[in-house]
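These protein sequences, in sequence, are chains V and G.
Quick note on numbering: our numbering labels position 28 of the first sequence as 447, and the sequence is numbered without any gaps.
Quick note on numbering: our numbering labels position 220 of the second sequence as 639, and the sequence is numbered without any gaps.
Each residue gets a CB set at the ideal place from its N, CA and C atoms; glycine is no exception.
There are 2 protein chains.
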Amino acid sequence: MKKFSVAILGCGTVGSGVAKILLDMQPMLSARAAHSITVKTIVDLFPAKSARAYNIPLSLFSGGGKDLTKEEASAYITEVINDSEIDLVVETIGGTSEYLYSVMLAAVNAKKHLVTANKAMLAEKGAGLFAAAREHNVTLGYEASVCGAVPIIKAIRECFTGDEVQEISGIMNGTSNYILSRMEHDGLDFQTALALAQKAGYAEADPTLDISGGDAAHKLVILMKLAFGADVRYADLQKTGIQTIAKEDIDFANEMNCSIKLICHAKKSRGKVFAAVMPMMVHHDNFLSKVHGATNCVEVRNAYSGKHYFVGAGAGSLETASSIVGDIVFAARYGTAVENIPASTPHTLADAEHSEFAYNITFSTEDRPGITGLITSAIGDQHINIDTVSHNRHNTKNAVFSVVTMPCTLHQINGAIAAINAKAPGLLAEEPKIIPILH
Amino acid sequence: MKKFSVAILGCGTVGSGVAKILLDMQPMLSARAAHSITVKTIVDLFPAKSARAYNIPLSLFSGGGKDLTKEEASAYITEVINDSEIDLVVETIGGTSEYLYSVMLAAVNAKKHLVTANKAMLAEKGAGLFAAAREHNVTLGYEASVCGAVPIIKAIRECFTGDEVQEISGIMNGTSNYILSRMEHDGLDFQTALALAQKAGYAEADPTLDISGGDAAHKLVILMKLAFGADVRYADLQKTGIQTIAKEDIDFANEMNCSIKLICHAKKSRGKVFAAVMPMMVHHDNFLSKVHGATNCVEVRNAYSGKHYFVGAGAGSLETASSIVGDIVFAARYGTAVENIPASTPHTLADAEHSEFAYNITFSTEDRPGITGLITSAIGDQHINIDTVSHNRHNTKNAVFSVVTMPCTLHQINGAIAAINAKAPGLLAEEPKIIPILH
Numbered sequence: 420m421k422k423f424s425v426a427i428l429g430c431g432t433v434g435s436g437v438a439k440i441l442l443d444m445q446p447m448l449s450a451r452a453a454h455s456i457t458v459k460t461i462v463d464l465f466p467a468k469s470a471r472a473y474n475i476p477l478s479l480f481s482g483g484g485k486d487l488t489k490e491e492a493s494a495y496i497t498e499v500i501n502d503s504e505i506d507l508v509v510e511t512i513g514g515t516s517e518y519l520y521s522v523m524l525a526a527v528n529a530k531k532h533l534v535t536a537n538k539a540m541l542a543e544k545g546a547g548l549f550a551a552a553r554e555h556n557v558t559l560g561y562e563a564s565v566c567g568a569v570p571i572i573k574a575i576r577e578c579f580t581g582d583e584v585q586e587i588s589g590i591m592n593g594t595s596n597y598i599l600s601r602m603e604h605d606g607l608d609f610q611t612a613l614a615l616a617q618k619a620g621y622a623e624a625d626p627t628l629d630i631s632g633g634d635a636a637h638k639l640v641i642l643m644k645l646a647f648g649a650d651v652r653y654a655d656l657q658k659t660g661i662q663t664i665a666k667e668d669i670d671f672a673n674e675m676n677c678s679i680k681l682i683c684h685a686k687k688s689r690g691k692v693f694a695a696v697m698p699m700m701v702h703h704d705n706f707l708s709k710v711h712g713a714t715n716c717v718e719v720r721n722a723y724s725g726k727h728y729f730v731g732a733g734a735g736s737l738e739t740a741s742s743i744v745g746d747i748v749f750a751a752r753y754g755t756a757v758e759n760i761p762a763s764t765p766h767t768l769a770d771a772e773h774s775e776f777a778y779n780i781t782f783s784t785e786d787r788p789g790i791t792g793l794i795t796s797a798i799g800d801q802h803i804n805i806d807t808v809s810h811n812r813h814n815t816k817n818a819v820f821s822v823v824t825m826p827c828t829l830h831q832i833n834g835a836i837a838a839i840n841a842k843a844p845g846l847l848a849e850e851p852k853i854i855p856i857l858h
Numbered sequence: 420m421k422k423f424s425v426a427i428l429g430c431g432t433v434g435s436g437v438a439k440i441l442l443d444m445q446p447m448l449s450a451r452a453a454h455s456i457t458v459k460t461i462v463d464l465f466p467a468k469s470a471r472a473y474n475i476p477l478s479l480f481s482g483g484g485k486d487l488t489k490e491e492a493s494a495y496i497t498e499v500i501n502d503s504e505i506d507l508v509v510e511t512i513g514g515t516s517e518y519l520y521s522v523m524l525a526a527v528n529a530k531k532h533l534v535t536a537n538k539a540m541l542a543e544k545g546a547g548l549f550a551a552a553r554e555h556n557v558t559l560g561y562e563a564s565v566c567g568a569v570p571i572i573k574a575i576r577e578c579f580t581g582d583e584v585q586e587i588s589g590i591m592n593g594t595s596n597y598i599l600s601r602m603e604h605d606g607l608d609f610q611t612a613l614a615l616a617q618k619a620g621y622a623e624a625d626p627t628l629d630i631s632g633g634d635a636a637h638k639l640v641i642l643m644k645l646a647f648g649a650d651v652r653y654a655d656l657q658k659t660g661i662q663t664i665a666k667e668d669i670d671f672a673n674e675m676n677c678s679i680k681l682i683c684h685a686k687k688s689r690g691k692v693f694a695a696v697m698p699m700m701v702h703h704d705n706f707l708s709k710v711h712g713a714t715n716c717v718e719v720r721n722a723y724s725g726k727h728y729f730v731g732a733g734a735g736s737l738e739t740a741s742s743i744v745g746d747i748v749f750a751a752r753y754g755t756a757v758e759n760i761p762a763s764t765p766h767t768l769a770d771a772e773h774s775e776f777a778y779n780i781t782f783s784t785e786d787r788p789g790i791t792g793l794i795t796s797a798i799g800d801q802h803i804n805i806d807t808v809s810h811n812r813h814n815t816k817n818a819v820f821s822v823v824t825m826p827c828t829l830h831q832i833n834g835a836i837a838a839i840n841a842k843a844p845g846l847l848a849e850e851p852k853i854i855p856i857l858h
């Protein structure tokens with residue numbers, strides 16, 4: 420059996436999981452890959468610490484197991500790049516530094532397959548890496564970069580090749596979903612739920628990237644390239660976080676048979692792709708509404724085969740590592756630049772303001788007769804059909820009520836709000852809360 | 420671009436869908452496959468009728484579009500087998516006839532890739548076809564044979580290669596799930612729900628194969644080979660249907676926070692695999708309990724990555740066809756005998772009577788004091804721990820009550836029932852209903 424040598428750069432939470440699975444399952448993985456898969460070396464600054472969780476032999480580490488300076492680690496990484504025996508490099512260092520980018524690019528330029536869980540790098544600087552992989556006919560495996568263990572990358576790339584993806588909606592950030600689930604089921608406010616998420620280890624000390632939609636947006640950029648051939652810059656993607664979601668919004672959503680979820684949403688619309696990360700009111704008929712806690716779920720709507728749901732662990736050491744090892748087996752078995760296969764014709768980003776959704780608009784106003792008529796008239800004037808108008812009983816300070824619209828654009832809604840403000844300045848006590856609805 | 424020619428044998432519900440997608444998506448499919456995919460011919464007895472639904476050009480049919488006798492069709496099929504230009508044969512004729520088996524085997528022996536949705540053939544006579552595919556290094560694609568559009572085959576074969584499947588539980592028969600859902604949500608009895616399923620086109624005039632678990636068992640045999648390397652004969656698989664499920668069983672399950680589902684269940688246990696198709700009480704915390712109507716759902720529990728769920732359309736013309744076309748693209752792109760890659764070390768079938776589950780046992784007895792004690796004592800004598808004993812209020816003729824056990828074997832339960840019958844002959848008004856519980 421031909422040998423297939425792997426180097427692991429970075430042996431933290433995920434990297435150590437990769438080493439463990441590669442060592443534990445060596446014979447089975449080799450049978451599946453039709454190659455004898457071997458860990459040739461692991462480069463990490465603190466081998467003794469990194470090896471501990473899974474008892475990884477220190478002899479596998481570059482330098483024999485002693486702690487390394489940054490310069491030493493860097494030199495060992497250069498050795499890996501120059502080692503013609505190494506077939507595949509696993510990058511589990513993380514971050515988007517220029518240095519790391521140069522390492523990843525050098526590995527591909529040296530005709531090594533590259534497998535990574537680094538969503539930020541792929542979303543922000545992926546184009547150069549994919550182009551190099553195509554040029555050198557090596558695989559760039561990134562199953563682990565989107566939703567951890569959920570095999571959504573291969574589902575789109577290898578399974579849905581007889582179909583056309585039309586829409587993707589996903590719960591792709593476990594931290595936000597944990598917070599929203601606690602708010603919904605335990606009646607907590609946002610700050611309390613966030614503190615619990617931090618205590619439970621689901622949220623970082625600085626939770627900004629998770630709760631602002633930034634982390635989820637990295638994943639959506641990657642999926643948009645794969646599913647729609649759309650080159651979207653991370654900076655250009657509309658990101659709305661969950662910080663402004665109040666307990667009363669969640670209670671009201673429940674009354675409307677919906678749950679509020681932070682959704683990565685992308686859909687084809689008139690030759691372009693609308694894409695955004697945003698809180699949505701997900702109807703209880705949709706499986707996404709039933710996904711609680713830190714679990715991830717991706718809904719894919721296809722032209723021929725309709726709706727699919729993929730549910731699984733979005734993070735975790737061995738969970739994420741299993742996706743990386745799957746990519747290693749795939750690269751060893753097929754050995755071609757499979758990640759570059761187009762899943763769709765290229766699309767460009769649609770204008771968010773002109774994309775259509777059913778919306779829930781919550782107005783907080785003075786409490787006096789005539790306001791419902793004034794507001795619904797302004798909405799009707801924008802040719803928006805109204806589905807439901809309901810008084811929201813969860814806030815007593817102002818008159819709070821919600822209008823559920825039929826599909827319309829943000830442009831129309833903004834027009835209605837401008838007209839209300841022009842006609843009755845000061846009537847709106849707060850900026851209306853506008854949440855799109857997902858059925 | 421190299422040509423890749425496809426012949427479609429049988430142009431019914433699924434075959435015509437395959438032709439439509441291949442024709443509609445030709446450029447995109449070819450880009451994905453890195454081969455120019457072409458439909459060279461379609462063999463069908465009644466082209467005019469078969470072509471109608473999707474406007475398939477009659478010129479694509481062997482014989483130019485005229486109706487064929489069986490002898491003529493057979494001769495055209497032989498032409499396909501002998502045509503060295505044809506790279507792949509799609510079998511969408513169906514059935515398990517010796518003739519069809521010989522055609523499928525001949526296609527593989529002629530070094531053509533074979534793609535089929537024929538679960539019965541694969542489950543009952545698949546071994547010879549897989550062996551021939553391995554020998555001739557061609558692909559045998561069968562994604563469509565299990566759960567229609569749900570990509571469960573490639574999920575296990577291509578995505579979970581960095582992991583070890585430990586347990587599979589699936590709702591794999593849409594007809595049964597439709598019937599159970601109607602019984603649960605609309606309070607119908609079995610016969611009424613079955614009649615509605617027939618009216619809605621979900622159930623055949625003779626629904627035996629669906630409601631008895633036979634259809635689901637075909638799919639489970641295929642998954643057991645793939646996921647566990649287990650060669651299980653269809654005839655040896657334990658199959659319990661849903662015919663005996665009464666409305667009161669469903670109501671009682673609901674009270675216990677469960678729904679009754681027909682589950683294809685397979686799990687590793689002490690080096691063997693337990694496998695059965697059977698109604699199970701699925702706890703409402705499990706996603707399988709939330710899958711209603713004709714939708715399919717497969718839960719996979721892996722050693723490293725934990726629980727996964729795959730939800731999608733289990734049947735339908737274009738839905739199933741999209742899976743077949745995905746297999747065509749896969750075969751054209753990779754072109755090797757990928758289906759033979761072992762997903763696991765080979766396992767053999769465990770003895771069903773000695774496999775452990777938590778069970779719900781419903782007893783229907785004379786209505787007099789002392790019976791609860793007598794029955795629970797008999798259960799305890801078998802070293803079965805009892806979780807809950809609850810009176811079932813939905814039947815007034817006898818005393819009806821349910822015992823939920825901690826994990827135990829059917830062997831232990833049968834021992835308890837025998838002891839009850841020995842001690843108090845005639846006490847049990849009916850044979851106790853024993854339903855395993857899935858959490």
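Practice problem: Pick out whichever of V:467, V:473 and V:475 has its Cα sitting closest to the Cα of residue 487 (chain V). | Solution: V:467
Quiz item: Among V:621, V:659, V:772 and V:606, which one has its Cα closest to the Cα of residue 632 (chain V)?
Solution: V:659
Exercise. Let me know if residue 851 (chain G) comes out buried or exposed under the rule of 16 or more other beta-carbons within 10 Å of its beta-carbon.
Key: buried
Quiz item: Straight-line CA distance for residue 831 (chain G) to residue 824 (chain G)?
Solution: 11 Å
Self-check item: CB contact below 9 Å: residue 584 (chain V) versus chain G
Solution: no
Quiz prompt | Chain-order list of residues whose beta-carbon lies under 6 Å from that of residue 469 (chain V) (same chain, five-residue window excluded) | solution = 430, 435 and 463
Quiz item: Is residue 401 (chain V) helix, strand or coil when you go by DSSP?
Solution: The displayed coordinates of chain V run from 420 to 858. Any statement about residue 401 (chain V) would go beyond what the structure contains.
Quiz item: Given that a residue counts as buried once 16 or more other Cβ atoms are within 10 Å of its Cβ, and exposed if not, what is residue 518 (chain V)?
Solution: exposed
Quiz item: From V:427, V:438 and V:490, pick the residue whose C-alpha is nearest to that of residue 474 (chain V); which is it?
Solution: V:438
Quiz item: Going along chain G in order, which residues have a C-beta closer than 9 Å to the C-beta of residue 727 (chain V)?
Solution: 568, 569, 570, 729, 730, 731 and 732
Quiz item: Along the chain, where does the beta strand (DSSP E) that runs through residue 823 (chain V) open and close?
Solution: 818 to 824
Self-check item: CB-CB length for residue 679 (chain G) against residue 700 (chain G), believed under 8 Å
Solution: 6 Å
Practice problem: Measure the CB-CB distance between residue 791 (chain G) and residue 819 (chain G) and report whether it falls below 9 Å. | Solution: no
Quiz item: residue 685 (chain V) lies in the beta strand (DSSP E); which residues open and close that run?
Solution: 677 to 688
Quiz item: Rounded C-beta distance between residue 829 (chain V) and residue 655 (chain V)? I'm assuming under 8 Å.
Solution: In fact, because the Cβ distance is near 17 Å, the residues do not count as touching under 8 Å.
Practice problem: Return the chain-ordered ranges of every alpha helix (DSSP H) run that is complete within the region 532 to 593 of chain G and spans a minimum of 4 residues. | Solution: 538 to 555
Self-check item: When V:425, V:547 and V:671 are compared against residue 499 (chain V), the one with the closest alpha-carbon
Solution: V:425
Quiz item: Which residue from G:810, G:856 and G:661 puts its Cα closest to that of residue 777 (chain G)?
Solution: G:856
Practice problem: Compare the Cα-Cα distances from residue 765 (chain G) to each of G:717, G:796 and G:650 and report the closest residue. | Solution: G:650
Quiz item: Are any of the Cβ atoms in chain G nearer than 9 Å to that of residue 459 (chain V)?
Solution: no
Quiz item: Quick one, which of G:666, G:741 and G:440 has its alpha-carbon nearest residue 563 (chain G)'s?
Solution: G:741
Quiz item: How long is the line joining the alpha carbons of residue 817 (chain V) and residue 770 (chain V), rounded to whole angstroms?
Solution: 34 Å
Quiz item: According to DSSP, which residues form a beta bridge with residue 850 (chain V)?
Solution: DSSP output for residue 850 (chain V) lists no bridge partner at all.
Quiz item: Is it buried or exposed for residue 686 (chain V), if we count other Cβ within 10 angstroms and need 16 for buried?
Solution: buried
Practice problem: Using three-state DSSP, classify residue 608 (chain G) as helix, strand or coil. | Solution: coil
Quiz item: Which first and last residues belong to the beta strand (DSSP E) in which residue 455 (chain G) is found?
Solution: 455 to 462
Quiz prompt | Where residue 741 (chain V) sits in the DSSP three-state scheme | solution = helix
Practice problem: Consider the Cβ of residue 656 (chain V): report whether some Cβ of chain G lies at a distance smaller than 9 Å. | Solution: no
Quiz item: Quick one: is residue 687 (chain V) near chain G, going by C-beta distance under 9 Å?
Solution: no
Quiz prompt | residue 388 (chain G) versus residue 449 (chain G) - alpha carbon distance | solution = Beyond the ends of chain G as shown, which are 420 and 858, falls residue 388 (chain G); an answer cannot be given.
Quiz item: Taking all protein chains shown into account, do 16 or more other C-beta atoms lie within 10 angstroms of the C-beta of residue 840 (chain V), making it buried, or fewer, making it exposed?
Solution: exposed
Quiz item: When we look at the beta-carbon of residue 652 (chain V) and count the other beta-carbons within 10 Å, is it buried (16 or more) or exposed?
Solution: exposed
Quiz prompt | residue 810 (chain G) versus residue 821 (chain G): straight-line alpha-carbon distance, rounded | solution = 6 Å
Practice problem: Please compile the residues from chain V whose C-beta is within a distance smaller than 8 Å of the C-beta of residue 749 (chain G). | Solution: 577 and 580
Quiz item: Nearest to residue 665 (chain V) by CA position, among V:609, V:704, V:684 and V:643, is which residue?
Solution: V:609
Quiz item: With burial defined as no fewer than 16 other Cβ atoms inside 10 Å of the residue's Cβ, what is the status of residue 396 (chain G): buried or exposed?
Solution: Nothing can be reported for residue 396 (chain G), as the shown portion of chain G is limited to 420 through 858.
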